[in-house]
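*Asks:*
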Amino acid sequence: MSPNTLINESEPGAEPATQAEDAPLSLAQRVVSFLGLALINLVVFAVLAEAASIAIVHFKRWPSTRPTYHLSYNKFWTETNPVFGMWHRPNGHFFHQGGCFSVEYTTNSYGARDRERTLHTTKPRTIVLGDSFVEGFGVPDDERLTNLMERDAGREHLNFGTGGGFSPLQYALLYRSLASQFDHTQVLVGVLPDNDFHEMDRSWLESNYAGEFRPYYRDDLTIGYLGHFQPNAGEGLWNHTEAALRAYLASYHVGQYIYFSTLMRHGPYSGYNDFKAVDLARLKQAVLDIKSTAVAHGAKMAVFIIPRANDFERLHTAKTDRLGPVMESWGTTSGIPVKDLLPDMEAQSGGDYRSYFRSCDGHWSTKGNAVAAKILEHWVYGQ
Numbered sequence: 320m321s322p323n324t325l326i327n328e329s330e331p332g333a334e335p336a337t338q339a340e341d342a343p344l345s346l347a348q349r350v351v352s353f354l355g356l357a358l359i360n361l362v363v364f365a366v367l368a369e370a371a372s373i374a375i376v377h378f379k380r381w382p383s384t385r386p387t388y389h390l391s392y393n394k395f396w397t398e399t400n401p402v403f404g405m406w407h408r409p410n411g412h413f414f415h416q417g418g419c420f421s422v423e424y425t426t427n428s429y430g431a432r433d434r435e436r437t438l439h440t441t442k443p444r445t446i447v448l449g450d451s452f453v454e455g456f457g458v459p460d461d462e463r464l465t466n467l468m469e470r471d472a473g474r475e476h477l478n479f480g481t482g483g484g485f486s487p488l489q490y491a492l493l494y495r496s497l498a499s500q501f502d503h504t505q506v507l508v509g510v511l512p513d514n515d516f517h518e519m520d521r522s523w524l525e526s527n528y529a530g531e532f533r534p535y536y537r538d539d540l541t542i543g544y545l546g547h548f549q550p551n552a553g554e555g556l557w558n559h560t561e562a563a564l565r566a567y568l569a570s571y572h573v574g575q576y577i578y579f580s581t582l583m584r585h586g587p588y589s590g591y592n593d594f595k596a597v598d599l600a601r602l603k604q605a606v607l608d609i610k611s612t613a614v615a616h617g618a619k620m621a622v623f624i625i626p627r628a629n630d631f632e633r634l635h636t637a638k639t640d641r642l643g644p645v646m647e648s649w650g651t652t653s654g655i656p657v658k659d660l661l662p663d664m665e666a667q668s669g670g671d672y673r674s675y676f677r678s679c680d681g682h683w684s685t686k687g688n689a690v691a692a693k694i695l696e697h698w699v700y701g702q
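Just so we're aligned, residue 320 is where the sequence shown starts under the numbering used here, counting upward by one.
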């Protein structure tokens, strides 16, 4: 055979030549190969991220929520009320798992995190308005402020507090449209300067709660609404998908914490000291709105101001408490008793004000609720 003779597959000992071995992959094949590789990498990354997140959320001082591994399609806090927005669904049951707490919440037939109450009574009864501190965020019912006051004072304390970003304007709207239907002789209002000022400001709401239905005060102190009320809020396909992620994925909770940490907090803000004149005007308007409803129902009214850890820190470092004296003085001239909890809680702290707050979260611990309850019982009822 000459050197130039081609070997064909009919000759003995020759290996067959195949065009497939030499032909380049088509564009479609390259795309499929790339997508397959990307999918494998994505799955590996997701598994590693979830494993890391499980470890993170089980740190002792993890400052946010954890998966409950219990599926509940409805959020505990959502914009279900056409008047004041954020509220709870009636007859609800919710598992709340945090870094240092595990609590089950239940709501009664009108959506309050409270036992069932009758509309009418001939006995003295107190309605309590506020946000997550009043509601008892992260603590069992029997360890929170209102339950302790009900036990010690021997009179009903109807808890109408709610978390999820709830402002004094919303307290006023809730009181007028819902809570005032229940016979009562007293209304107590818990104000949290740490976020209450922000949550009555339209520009802040637009930046932090875009798309949600929330009331705010306009510049002339009339009431406007951000977004549009949706009767079926929280019941769509995405809401059900998110519920599953929230129940079973630790990485969901880590992501939520990172998102809200960067979005909601900028520097060591102290609501007691860093408020503006317009913030104070809105707060006073909300308190006056509550007073007008209380007067119409023949009820007495009192306001208490709740400090956060940042407010104690500012008191220690700069010796400042701007809001308390201002509101107490204004309350005297307006016929509304106002109690600043900061001085009394500081005096009883023994220098350890941090014990008033949970190690993994900025809300009151069992001790914080108990100390605040005793101060208010003495102030309101002389006990």
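All residues carry an ideal CB built from backbone N, CA and C; glycine is no exception.
Between the region 428-435 and the region 587-604, are three or more C-beta pairs nearer than 8 Å?
*Replies:* no
*Asks:* Where does the unbroken beta strand (DSSP E) through Phe364 begin, and where does it stop?
*Replies:* That residue, Phe364, is in no beta strand (DSSP E); its alpha helix (DSSP H) goes Leu346 to Val376.
*Asks:* Mapping DSSP to helix, strand and coil, what is Gln416?
*Replies:* When DSSP states are grouped into helix, strand and coil, Gln416 belongs to the strand group.
*Asks:* Return the CA-CA distance between Thr324 and Phe353, expressed in angstroms with no decimal places.
*Replies:* Because the pLDDT at Thr324 is just 46, under 50, the model does not fix this residue reliably, and the point stays unresolved.
*Asks:* Distance check for Arg408 and Cys679, CA to CA, integer angstroms please.
*Replies:* 27 Å
*Asks:* Who does His476 pair with in a DSSP beta bridge?
*Replies:* Answer is Thr445.
*Asks:* Take Lys394 as the anchor and find which of Phe631, Arg565, Leu660 and Ser668 has the nearest alpha-carbon.
*Replies:* Arg565
*Asks:* Can you look up Ala431 in the DSSP assignment and give me helix, strand or coil?
*Replies:* coil
*Asks:* In terms of residue numbering, what span does the beta strand (DSSP E) encompassing Gln505 cover?
*Replies:* Gln505 to Val510
*Asks:* With Ala621 as the anchor, note down where its alpha helix (DSSP H) starts and where it stops.
*Replies:* Here Ala621 belongs to no alpha helix (DSSP H); instead the beta strand (DSSP E) covers Lys619 to Ile624.
*Asks:* Can you find a C-beta in chain D that's less than 8 Å from the C-beta of Tyr388?
*Replies:* The structure shown contains no chain D; it holds only a single protein chain.
*Asks:* Nearest by alpha-carbon distance to His412: which of Leu390, Ser570 and Arg470 is it?
*Replies:* Out of Leu390, Ser570 and Arg470, Leu390 has the C-alpha closest to the C-alpha of His412.
*Asks:* Can you list, in chain order, the residues of its chain whose CB lies under 6 Å from that of Ser499, leaving out five sequence neighbours each side?
*Replies:* Counting only residues of its own chain and dropping the five nearest sequence neighbours on each side, Ser499 has a CB closer than 6 Å to the CB of Thr612 and His616.
*Asks:* Considering only DSSP beta bridges, list what Val458 is partnered with.
*Replies:* DSSP output for Val458 lists no bridge partner at all.
*Asks:* Which word fits Lys658, buried or exposed, when buried means at least 16 other C-beta atoms lie within 10 angstroms of its C-beta?
*Replies:* So Lys658 ends up on the buried side.
*Asks:* In terms of alpha-carbon separation, which member of Ser570, Tyr544, Ala689 and Gly555 lies closest to Asn400?
*Replies:* Tyr544
*Asks:* Rounded to a whole number of angstroms, what is the C-alpha to C-alpha distance between Pro512 and Ala691?
*Replies:* 16 Å
*Asks:* Counting only the same chain and skipping the five closest in sequence on each side, list residues whose C-beta sits under 7 Å from that of Tyr571.
*Replies:* Leu564 and Arg565
*Asks:* When the Cβ atoms of the region 451-461 are set against those of the region 529-538, are three or more pairs found closer than 8 Å?
*Replies:* no
*Asks:* Just confirm the distance between the C-beta atoms of Met664 and Ile694, as a whole number of angstroms; I'd bet it's less than 8 Å.
*Replies:* The Cβ separation is near 7 Å, so the contact holds.
*Asks:* Assuming the contact rule is C-beta atoms closer than 8 Å, Ala470 and Thr445 should be a hit. Round their C-beta distance to whole Å, please.
*Replies:* According to the sequence as given, residue 470 is Arg; it is not Ala. Not quite, the Cβ-Cβ distance comes to about 13 Å (not below 8 Å), so this is no contact.
*Asks:* Under 8 Å, do Leu467 and Asp433 count as touching if we go by C-beta distance?
*Replies:* Taking 8 Å as the Cβ cut-off, Leu467 and Asp433 do not qualify as a contacting pair.
*Asks:* Which same chain residues end up closer than 6 Å to Phe456 when comparing Cβ atoms and leaving out the 5 residues on each side of it in sequence?
*Replies:* Gly482 and His682
*Asks:* With H, G and I counted as helix, E and B as strand and the rest as coil, what does DSSP make of Leu273?
*Replies:* Residue 273 lies beyond the range of the chain shown here (320 to 702); nothing can be said about it.
*Asks:* Around the Cβ of Lys442, are there at least 16 other Cβ atoms within 10 angstroms (buried) or fewer (exposed)?
*Replies:* exposed
*Asks:* Below 6 Å CB to CB, which residues in the same chain sit around Val506 once its five sequence neighbours on both sides are set aside?
*Replies:* Ile446, Ala613, Ala618 and Met620
*Asks:* With DSSP run on the structure shown, which of helix, strand or coil describes Gly643?
*Replies:* helix
*Asks:* Whose C-alpha, out of Ser486, Lys595 and Arg436, is nearest the C-alpha of Asn514?
*Replies:* Ser486
*Asks:* Between Val402 and the rest of its own chain, which residues show a CB-CB distance below 6 Å, the 5 nearest in sequence each way excluded?
*Replies:* Sequence-distant partners of Val402 (beyond 5 residues in either direction) whose C-beta falls short of 6 Å from its own C-beta, in its chain, are Leu492 and Ser496.
*Asks:* Three-state secondary structure (DSSP) at Gly406?
*Replies:* Note on residue identity: the sequence assigns Trp, not Gly, to residue 406. Trp406 falls in the strand class under three-state DSSP.
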